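Counted from 1, the sequence shown has number 422 at position 422 by full-length UniProt numbering; the numbering is strictly sequential. Backbone N, C-alpha and C fix where the C-beta goes; we use that ideal spot for every residue, glycine too. If you're wondering where the values come from, they're calculated on a predicted model, not measured in any experiment. Notes follow once the structure below has been shown.
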Amino acid sequence: MARQVQEPGRYSYGTSLSSHDRGQSPGYYSGLAPKPRTLPPREPLDEATFFWLNNLKRLWARWKRSDAVNQMIHEYLTSVLNPHEATLNIMIHCDDFHQGKTSVAEWSKPSLSCWTGLLMTGRLGFESRLSLLRLACQSATLLMLEEYFSTEDFLVPLIFQDKLLVAEEFLYTSPRLQHEVVAFLDHLLGRRHGVREEIDRIISRLQIPEVKRDKLYSKPLSKLVARLVKIHKLPPETCPNLNYRRSEGALQFLVHKKFQDNSVDSWREMAREAVGNDPRLHRELVDKVINQGAFKEAKYWVDEFDIPRSDWPGSLIAVITNEPELNASNSMDPSGEEEMEESWDNEPHLEYHIFPLEYDCITLVDTPGVFRDFLEAIKVSADTALENVELVGMDCEWKPFFGSKRNDLALIQVALKHHVFILDAMTMGQDCPDLWREFGRVFWDNEGIVKLGFNLLNDLQMMKTSLPELESCKGKDACVSESLARLVELCLGHRINKMDQFSNWERRPLRKSQILYAALDAYCLLEVYDKIAYGCDQQGIPFEEIKNEILTQMKSRKKVIKNSKKSTSRKELVEEEEVPPGPYSEPVPARCLRLVCDTMVQGLGKYLRRCGVDVVILENNDSHDKCVKIANSQGRMIVTRGYTYNKLKQHVPLGYCYRVQSEDCDLEDQVKEVLQYFNVAISKEDIFSRCQVKLFFSHIEKVL
């Protein structure tokens, strides 16, 4: 719709900022944004603008910040030829403009910003259709215009092009778009047939170029939906089709474990958990059991789920008809599972490593009183069961999760030489915050107690997620092995029976077999430790000296980190090895620094580029080795994260590969960290000097 143009004010010089309309005036850079002009202060306004401003002041004096004032400013900005200049006219002709008060001058600033944003929304949408999608999306993100666009404007095309980093930046501040894009992707996951045709229709309708079709199959789409749900903390109900696919996969895993490996004692319990209340999964379970030839078990499930006989598989109806006793003998009570276990147990007898102590040596800590006694015994070390409290085995258990919602911690096992304590985190997790904090202080943070664990970092992360009181606890995985069962077999001669590992650890009361498995999982670490110590002693290896040296190094490393500037939670979780000095002792201009960012720090690379640093960013499907090739061929230094650093640093000079320490979400901290390490000096001219967004804004300003 054409705008009604009022006679411009004194400083309204015209609508276009292009050199064509103005001529090649000396006030403009060639091809860049215009130089700012200095307006003569307090020159008189024309009569129409003067009259309008007086009305605005009277309205402001009466209503202050109000919709009426806002509407009056918007109507005026829509009617003038140059709204930017008109806003300056308003501001400099307000009596308290230079006093920094809350006045009509200050109120006009956000009004101009909102008006400009609305005007640029249409322009950015137009640019997105001209194959400038990524650039337009970044501009909309910087202008905070996310709420003016739909998922199909930017997000769907960017996802189809596998430009996830740009899309996720755009999503970051918009809960509406987060829900909508997850619902859209989850809808694609729900289509069993015709999904390729629907994707083709979307591509054709939105005219999306350069589509990465290999990223639009169910597996990568499932990973993307799960990642978005986790990042934005969306409820599981947002992605019902992803939940169904995960439950279906869990069901397939359970059937395989039961009928092929014969290794799930709690088969019915876990199968019921996997299918939930979904009728589709109920029928899927029956079909999978029938495919294994277990018709009696299939009959149990059709009765359990009350599936109408008309919906039974034909093969089940035929077997029931020919064998009436199968129908009569089926039982709904739990004993049916025990009979099934006996009839299916055809595997030869295997010897497993068993819990060496008496069952009475296991204490289930499931009440505040018992928990308090446990903590008090640790503090005073008076109980005979705690006489060797300086060395303990640690382990945790939680229920396997189905769908997109992870389960909470169920148990924490603490194994001592002559006793095992099993802390019921599920029962006491919310009721004893003070006791859990005390547990973290007197036990976990006690450096006099050596904790043995296998893959302890995952256990610690689960502890910190489920029990906020343990958030400050530190820990480190010194090594990774293929499995605890294999390690026990190598050291002690027999594997651990893992049949109870995949069970419902949240069901109360726990079965005796579950309690024994949980106790053994922690206690076997002490046995492995003793076996290694004995073997070293037999071979003349100074085991105690080696152990003390390792512990001393870990403590000194913690002290260095603690005495340095404040470390992030990531540093507290994993104490990194000593970082070599940076390659530059003197400050380096940002424009002279050349980096290559690994796939794990793509977002960091974008921000460094905005600071004027010359950055090459790997694509999602690039291998880590490409960093080395680019660094050596183009004279760049590598920025990466995690254990990839140990692999890449070997192929470049010392100090030319840097491992980022800060959390993924703290991009500002990451930027500061990298700039400090490489001793980078940033000038005002460096900001956005390498970004196409700067040129894009110049183009937009001409349009306005």
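In whole angstroms, what is the alpha-carbon distance linking Trp267 and Ile638? 49 Å
Taking contact to mean 3 or more Cβ pairs, one atom from each stretch, closer than 8 Å, check whether the stretch 391-400 and the stretch 438-456 are in contact. yes
I believe Tyr244 touches Ala415 by the beta-carbon criterion, under 8 Å. Please report the beta-carbon distance rounded to the nearest angstrom. Not really, about 39 Å apart at Cβ, beyond 8 Å.
Tell me which same chain residues have a C-beta within less than 8 Å of the C-beta of Glu248, skipping the five on either side of it? Same-chain partners within the cutoff: Leu281, Glu284.
I'd like to know whether the C-beta atoms of Met426 and Glu506 end up nearer to each other than 7 Å. yes
According to the Cβ coordinates, are Leu316 and Ile354 closer than 7 Å? no
Any contact of the stretch 212-221 with the stretch 148-156, i.e. 3+ C-beta pairs under 8 Å? no
Three-state secondary structure (DSSP) at Ile630? helix
Alpha carbon to alpha carbon, what distance is there between Leu457 and Ile362? 25 Å
With DSSP as the reference, label Thr151 as helix, strand or coil. Reduced to three states, the DSSP call for Thr151 is coil.
Nearest to Glu527 by alpha carbon, out of Leu551, Ile496, Ile515? Of the candidates Leu551, Ile496, Ile515, the one whose C-alpha sits nearest the C-alpha of Glu527 is Ile496.
Buried or exposed by the 16-neighbour rule on C-beta atoms within 10 Å, applied to Glu685: exposed
Determine, using beta carbons only, whether Pro509 and Cys432 come nearer to each other than 7 Å. no
In three-state terms, what does DSSP make of Lys399? coil
Measuring CB to CB, does Leu242 end up less than 7 Å from Ser222? In this structure, Ser222 lies closer than 7 Å to Leu242 by Cβ.
Whether or not the stretch 603-619 and the stretch 172-181 are in contact is what I'm after, with contact meaning three or more pairs of Cβ atoms, one per stretch, closer than 8 Å; do they touch? no
Using beta-carbon positions only, say whether Val69 and Leu77 come within less than 7 Å of one another. no
Beta strand (DSSP E) containing Val488: first to last residue? Element bounds for Val488: not the beta strand (DSSP E) but the alpha helix (DSSP H), 484-492.
CB Gly655 to CB Pro583, shorter than 7 Å? yes
According to DSSP, what are the bridge partners of Asp614? Answer is Arg594, bridged to Asp614.
For Gly194, count neighbouring Cβ atoms within 10 angstroms of its own Cβ and tell me buried if that reaches 16, exposed if not. When all chains shown are included, Gly194 counts as exposed.
Range covered by the alpha helix (DSSP H) that runs through Val225: 218-231
Report buried or exposed for Phe83, applying the criterion of at least 16 other Cβ atoms within 10 angstroms of its Cβ. Note on identity: in this sequence residue 83 is Pro, with Phe being the wrong assignment. When all chains shown are included, Pro83 counts as buried.
Report the rounded CA-to-CA distance for Phe502 versus Leu487, giving the unit in angstroms. 19 Å
Close beta carbons around Lys288, own chain, < 8 Å, minus the five adjacent residues each side: Leu251, Gln252, Val255
Cα-Cα separation between Cys597 and Leu484, rounded to whole angstroms: 36 Å
On a Cα-Cα basis, can you pick out the residue from Arg246, Glu447, Lys672, Asn679 that is closest to Lys379? Glu447
Once you ignore the five residues that flank Gln413 on each side, which residues in its own chain have a CB closer than 6 Å to its CB? Asp395, Ile422, Ala518, Ala522
Count the other C-beta atoms from every protein chain shown that fall within 10 angstroms of the C-beta of Ile541, then say buried if there are 16 or more, exposed otherwise. exposed
Can you tell me which of the three DSSP states Ile422 falls into? strand
Locate the alpha helix (DSSP H) running through Gln670, then write down its first and last residues. 667-677
Are Val286 and Val302 close, meaning C-beta to C-beta below 7 Å? Yes, they are a contact pair.
Using the beta-carbon count (16 or more within 10 Å), is Asp445 buried or exposed? exposed
Between the Cα of Leu516 and those of Glu545, Ser662, Asp360, Gly642, spot the shortest distance and give me the residue it belongs to. Asp360
Within 10 Å of its beta-carbon, does Leu551 have 16 or more other beta-carbons around it, so buried, or fewer, so exposed? exposed
Among Glu47, Glu168, Lys531, Ala48, which residue has its Cα nearest to the Cα of Gly493? Lys531
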